[in-house]
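So the protein sequences, as listed, match chains A and B.
The numbers in the working numbering rise by one with no breaks, and the one at position 2 of the first sequence is 51.
The numbers in the working numbering rise by one with no breaks, and the one at position 230 of the second sequence is 255.
Backbone N, C-alpha and C define an ideal beta-carbon position, used for all residues, glycine too.
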Amino acid sequence: AVRGHPKSQGISLSSNWACGRRGAEGR
Amino acid sequence: VLGGVSAPEGKWPWQVSVHYAGFHVCGGSILNEYWVLSAAHCFDRDKNVKAYDVYVGLKNLKVAGNDTQWFEVNQVILHPTYQVNHPIGGDVALVQLKSRIVFSESVLPICLPPPEVNLTGGVKCWATGWGLVSQRGATSDELQEAQLPLIPVPLCQILYGHRSYVLPNMLCAGDIWNRKTVCEGDSGGPLVCEFNRSWLQIGIVSWGRGCAYPLFPGVYARVPYFASWIYHNIKTTPLPVEPMPSLCPALGATLTVLVAMLAGPPVL
Numbered sequence: 050a051v052r053g054h055p056k057s058q059g060i061s062l063s064s065n066w067a068c069g070r071r072g073a074e075g076r
Numbered sequence: 026v027l028g029g030v031s032a033p034e035g036k037w038p039w040q041v042s043v044h045y046a047g048f049h050v051c052g053g054s055i056l057n058e059y060w061v062l063s064a065a066h067c068f069d070r071d072k073n074v075k076a077y078d079v080y081v082g083l084k085n086l087k088v089a090g091n092d093t094q095w096f097e098v099n100q101v102i103l104h105p106t107y108q109v110n111h112p113i114g115g116d117v118a119l120v121q122l123k124s125r126i127v128f129s130e131s132v133l134p135i136c137l138p139p140p141e142v143n144l145t146g147g148v149k150c151w152a153t154g155w156g157l158v159s160q161r162g163a164t165s166d167e168l169q170e171a172q173l174p175l176i177p178v179p180l181c182q183i184l185y186g187h188r189s190y191v192l193p194n195m196l197c198a199g200d201i202w203n204r205k206t207v208c209e210g211d212s213g214g215p216l217v218c219e220f221n222r223s224w225l226q227i228g229i230v231s232w233g234r235g236c237a238y239p240l241f242p243g244v245y246a247r248v249p250y251f252a253s254w255i256y257h258n259i260k261t262t263p264l265p266v267e268p269m270p271s272l273c274p275a276l277g278a279t280l281t282v283l284v285a286m287l288a289g290p291p292v293l
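Written out as structure tokens, the structure reads:
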């Protein structure tokens, strides 16, 4: 995750994008 | 969704619409570039996956936005316990797309919950979908959202009249007092909850006794129970073979030759 957001809490199946985030938070 | 409201643009970027023969039939959620999570009962009517399409980046079913993408289905994996111990038990489907989703501000994956996720303590959960919005069968082209409290399984079993109706690998959610619940056409869609600013999918819309009776809440496949199976299948199933762009010129050359041959005889 970028822009200071912590890593997603769940299990991510996508390597390049944070899961469970909205909009720019997901990048 | 009964009792819901239209969802703002981009609020649920993992929501997908599963179409069958050109019509919306079910919801689903994006897990990664190639995989969508949905309900098994959305796919058991026909073994021909060619009849299914998946749309992402959609808010209105009749209006494609800048981020809307359309996909054909490569394969569908149904959970091995689907309809084994319960008429709609194991209602989980993994849908592999033929080509990859391009993520954007409006198209993003949802997280799977860890199997031990704690669903007590008043977590706030939401259901979304393009299903019926009234008991009379009214539909909405706009994606609907509703915040739904989780209902403990023992209470849900009492409401449904017998323990065997609601299995431990299911969960129930619905706003009994405000008559908010999911309905036909929402199947396969996600029930998501926010944990520390991350959204985790804890349910897949599965079944219920109608939609108009508040004392029969919506029943969902309990995603934490199926998370290991989902993870294992996605990690071990090969990705589809996509046509390589470099083959296109060769195809063009072949067509050129064929056209030239067909055009030749009349000249002779």
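| Query | Result |
| --- | --- |
| To the nearest whole angstrom, what separates the beta carbons of residue 121 (chain B) and residue 262 (chain B), a pair I think is in contact under 8 Å? | 7 Å |
| Please report how far the alpha carbon of residue 66 (chain A) lies from the alpha carbon of residue 187 (chain B), in whole angstroms. | 43 Å |
| Taking just the CA atoms, how far does residue 43 (chain B) sit from residue 208 (chain B)? | 15 Å |
| Name, going along the chain, the residues of the region 48-65 of chain B whose beta-carbon falls closer than 9 Å to a beta-carbon of chain A. | 55, 56, 57, 58 and 60 |
| Below 7 Å on C-beta distance, what does residue 224 (chain B) contact in chain A? | 69 |
| Would you check if the region 240-251 of chain B and the region 57-64 of chain A touch, i.e. whether three or more CB-CB distances between them fall below 8 Å? | no |
| How is residue 86 (chain B) classed by DSSP in three states: helix, strand or coil? | coil |
| Rank B:112, B:60 and B:110 by C-alpha distance to the C-alpha of residue 96 (chain B) and give the top, closest one. | B:60 |
| To which residues of the same chain is residue 139 (chain B) closer than 8 Å at the C-beta, ignoring the five residues directly before and after it? | 249 and 252 |
| Within the region 96-160 of chain B, note down every full beta strand (DSSP E) run reaching 3 residues or more, in order along the chain. | 118-122 and 150-154 |
| Counting only beta-carbon atoms, is residue 36 (chain B) nearer than 8 Å to chain A? | yes |
| CA-CA distance, residue 112 (chain B) and residue 133 (chain B)? | 32 Å |
| Report back the beta-carbon spacing between residue 228 (chain B) and residue 246 (chain B) to the nearest angstrom; my notes put them in contact at under 8 Å. | 7 Å |
| Please work out which residues of its chain come closer than 7 Å, Cβ to Cβ, to residue 219 (chain B), disregarding the five sequence neighbours upstream and downstream, and give them in chain order. | 149 |
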